[in-house]
Amino acid sequence: IPKSMVPDLPVPSRGCTDIVCCVLLVVAIVGYVVVGVVAWTHGDPRKVIHPTDSRGQFCGQQGTPNEYGPAPPARGTPRAPHGVRAVACSPPCPPPLQICVSKCPDRYLTYWSASGNPATLEYYRDYCTPEFKNTGKAPPLVLKDKECPAMLIPSTPLARRCFPAIQAKKGVIMVGNETTYDDGHGQRRNVTELLEGAKKANVVLEMRQLAMKIFEDYTVSWYWIIIGLVIAMVASLIFIVLLRFLAGIMVWVMIVMVVLVLGYGIFHCYMEYAKLKGEAGSDVSLTDLGFQTDLGVYLHLRQTWLAFLIILCVLELVIVLLLIFLRKRILIAIALIKEASRAVGHVMSSLLFPLCTFFLLCLCIAYWASTAVFLSTSNEAVYKVFNESACPFSGQTCKPETFNTSNVTKLCTDAQCLFAFYGGETAYHKYLIVLQFFNVFMFFWLANFVIALGQVTLAGAFASYYWAFKKPDDMPAFPLFSAFGRALRYHTGSLAFGSLVLAIVQVIRVTLEYLDHRLKAAENKFAKFLLSCLKCCFWCLEKFIKFLNRNAYIMIAIYGTNFCTSARNAFFLLMRNIIRVAVLDKVTDFLFFLGKLLIVGSVGILAFFFFTHRIKLVQDTAPPLNYYWVPILTVIVGSYLIAHGFFSVYGMCVDTLFLCFLEDLERNDGSAEKPYFMSQNLRKLLKKSNKGQPDA
């Protein structure tokens, strides 16, 4: 075939593109590795998990002074150190007293009352510092030297920390069956003063209980969840294989099945809504009920099923109207899907390629998350001078090891060197926020690069199918591996360029979201309005860049040009055929969405009937659950991801063939010397999709 008949694929003279961006990416990756090594050297994730005492020392950790707590554990009782935090005062004051203990206190007690009873004082000693010797020291001096807390409150352990055991009885807030407590200084206080410090802890406690129940559900249903995901994978694979041979029939069957599945959903929601009529408590509104950790409560409300009914009716109506108005365009989309099925059939390995992309994305996420944790925990314990009287050294940093021999204790007799916070004054600690920002930026850049690599690889493989005059004889022996090798060898810089532009926009969006979160309490309406406008604009910009990048990568795979040239050529090629793009490309996307909806809906309904014991044949096989929606939602989300992985290959194939078709029309005229590469029937249908717009 004369070279003038076909585009340059594969390009014999293909060279490296966007070398500067390639070098920049390599340098950035090397810097990212250095940041990770430095973070792993200085960071300590234990600071996130384990509590510390007032000296910044971990509780219950091997190799630390608090490995076994201040007192030996009781015989036969396992050690589980917790952190106890005394009531804080208003600044400026020393940091609150935090002590590592073996278990949380279970009673109200003050040091003044315990000091007069040896047995009670022995119990109290477990909640004092290791330096407390109980040698008859006066209570005021013990409290002044912060050797013991002024009071103990009945507490419950949460995340290795002790929080007040707050409970409500008949609308009355109580702690340890009391509504007031002695603060250790002779005053009675209301337990409601403890709410501010413990209200978030109670929410966390409820969430932990919910998480434990969810975990129990996973332990008894994990193998059934895997079976459900395998069914979704097999169904997706069968659907794809059938598209290869029965594309037209499968598309219409898919459309009918989606309409029927949604219709059944509407029927089921109406029956549940009607069944709850007259039942006690079913007419409570969602707003009055509020948030409940037991999500099953919402299924006993008529308003919940009414909301589901309205949503499904609207979705059904929209899909039916779209099918009516796009009935002619669906025929053209079916023809393009048939051609895509042939291409996928010749490159069957492309169906497994999303697993490679998924694996690389998991590596990016794991590296980013671990680096972020180590960076956030790489601060050092900072100690400062605290005193009650006037002292020129107050607030200055100090070292506990040398503090007693320094001039500070001579000039300020009541000064103490206490743990203040985790921080640091070195250059590394000052630029931690910059390193965190760099970590986020590199995550977006590398994640977008991995996605771009997957897109250009698939585009190269499917383009080699389209431009093969004799299919599959003129195709490479391994089109997917050939395209992958070309992408890495010649176009790493172009992929880095496109992913860099997208990463910059995404980082700006993350920054705007952070500012919006910080300004929620602000009353400046103009600032909020401006921020909302910026968020909307950058959201639209991100969507446009993703669309442009996707088509630019296809042009890179075909011609081997640099990113800017490919993006410009792809954009103007699409603009010259804007009617085809608006009609055909979106119709195929709609059909693929219906395919995913059919698979997810079918598997979801099957999971619903199974886990709710409504299938009589396997009624005794289904496991007992706390929340049956846990495995059902897991199966639905997993099924969607599996179906999306299969259909994303088809989507990339359709986009590549569509762009190749537009190039084919512009380069060739259908003569004997310059024949079209696409089948004649498909070409006629695609030309009809451009009715009203002259051919290029």
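Each residue of the sequence shown is one higher than the one before, counting from 1214 in this note's numbering. Ideal Cβ positions, reconstructed from N, Cα and C, are used throughout, including at glycine.
Ala-1676 and Asp-1868 have their C-alpha atoms roughly 10 Å apart. By the Cβ criterion, the stretch 1714–1722 is not in contact with the stretch 1588–1595, since fewer than three pairs of Cβ atoms, one from each stretch, lie closer than 8 Å.
Fewer than three Cβ pairs drawn from the stretch 1821–1830 and the stretch 1556–1573 lie within less than 8 Å of each other, which leaves the two stretches out of contact. Tyr-1337 and Ile-1366 do not touch by the CB rule: their CB atoms are close to 13 Å apart, not below 8 Å.
Taking the C-beta atoms as reference points, Val-1813 is found no nearer than 9 Å to Gly-1441. No Cβ-Cβ contact shorter than 9 Å links Cys-1341 with Pro-1264. Contact between the stretch 1343–1357 and the stretch 1228–1241 is absent: fewer than three C-beta pairs spanning the two stretches fall below 8 Å. Only residues of its own chain outside the window of five on either side were considered, and among them Ala-1460, Gly-1461, Val-1464 have a CB closer than 7 Å to the CB of Ile-1547, listed in chain order.
Taking a C-beta distance under 9 Å as the contact criterion, Ser-1554 and Leu-1456 qualify as a contact pair. A straight-line Cα-Cα distance of about 20 Å links Ala-1603 and Leu-1354.
For the pair Arg-1227 and Met-1768, the Cα-to-Cα distance works out to about 13 Å.
The shortest C-alpha to C-alpha distance from Ala-1665 to any of Tyr-1596, Met-1865, Val-1404, Leu-1489 is the one to Met-1865. Residue pairing by DSSP places Asp-1395 opposite Arg-1401 in a beta bridge.
Apart from the 5 residues on each side of it in sequence, Leu-1754 sits with its Cβ closer than 7 Å to the Cβ of Val-1718 in its chain, given in chain order.
Checking the DSSP bridge columns, you'll see Cys-1630 partnered with Val-1598.
Your pair Ala-1628 and Val-1595 does not check out as a contact, with CB atoms roughly 16 Å apart and the cut at 8 Å.
With 16 or more other CB atoms across the displayed protein chains lying within 10 angstroms of its CB, Pro-1844 is buried. For the pair Pro-1567 and Gly-1478, the Cα-to-Cα distance works out to about 31 Å. Counting the other CB atoms within 10 Å of its CB gives Arg-1763 a total of 16 or more, which places it among the buried residues. For Gly-1851, same chain residues with a beta-carbon under 8 Å away, outside a window of 5 residues either side, are Ile-1438, Gly-1441, Leu-1442, Ala-1445 in chain order.
In the three-state scheme derived from DSSP, where H, G and I count as helix and E and B as strand, Leu-1365 is classed as strand. Along the stretch 1457–1542, the alpha helix (DSSP H) occurs as fully enclosed runs of 4 or more residues at 1499–1502, 1515–1538, listed in sequence order. Contact annotation: Gly-1673 and Ser-1707 have beta-carbon atoms that are not nearer than 9 Å. Here Phe-1428 is not near Cys-1482, since their CB atoms are 9 Å or more apart.
Residue environment analysis places Arg-1515 among the buried positions, since at least 16 neighbouring C-beta atoms fall within 10 angstroms of its C-beta. When DSSP states are grouped into helix, strand and coil, Thr-1610 belongs to the strand group. Segment contact: the stretch 1826–1836 against the stretch 1638–1651, fewer than three CB-CB distances shorter than 8 Å; contact not assigned. Apart from sequence neighbours up to five positions away, the residues of its chain that approach Phe-1654 with a beta-carbon distance below 7 Å are Ala-1716, Val-1720, ordered along the chain. DSSP places Ile-1312 in no alpha helix (DSSP H) but in the uninterrupted beta strand (DSSP E) bounded by 1311–1314. The Cβ atoms of Ile-1543 and Leu-1804 lie closer than 9 Å to each other. Cβ-Cβ distances below 6 Å link Ser-1607 to Val-1598, Asn-1600 in the same chain, with the five nearest sequence neighbours on each side left out; the list follows chain order. Here the C-alpha atom of Pro-1331 lies approximately 29 Å from the C-alpha atom of Ile-1379. Classified as exposed, Ser-1745 has fewer than 16 neighbouring CB atoms from the shown chains inside 10 Å of its CB. At a Cβ-Cβ threshold of 9 Å, Asn-1652 and Phe-1710 do not count as neighbours. Boundaries of the alpha helix (DSSP H) harbouring Pro-1353: 1352–1357, taken from the DSSP string.
In the DSSP annotation of this structure, the continuous segment of the beta strand (DSSP E) that includes Cys-1375 starts and ends at 1374–1377.
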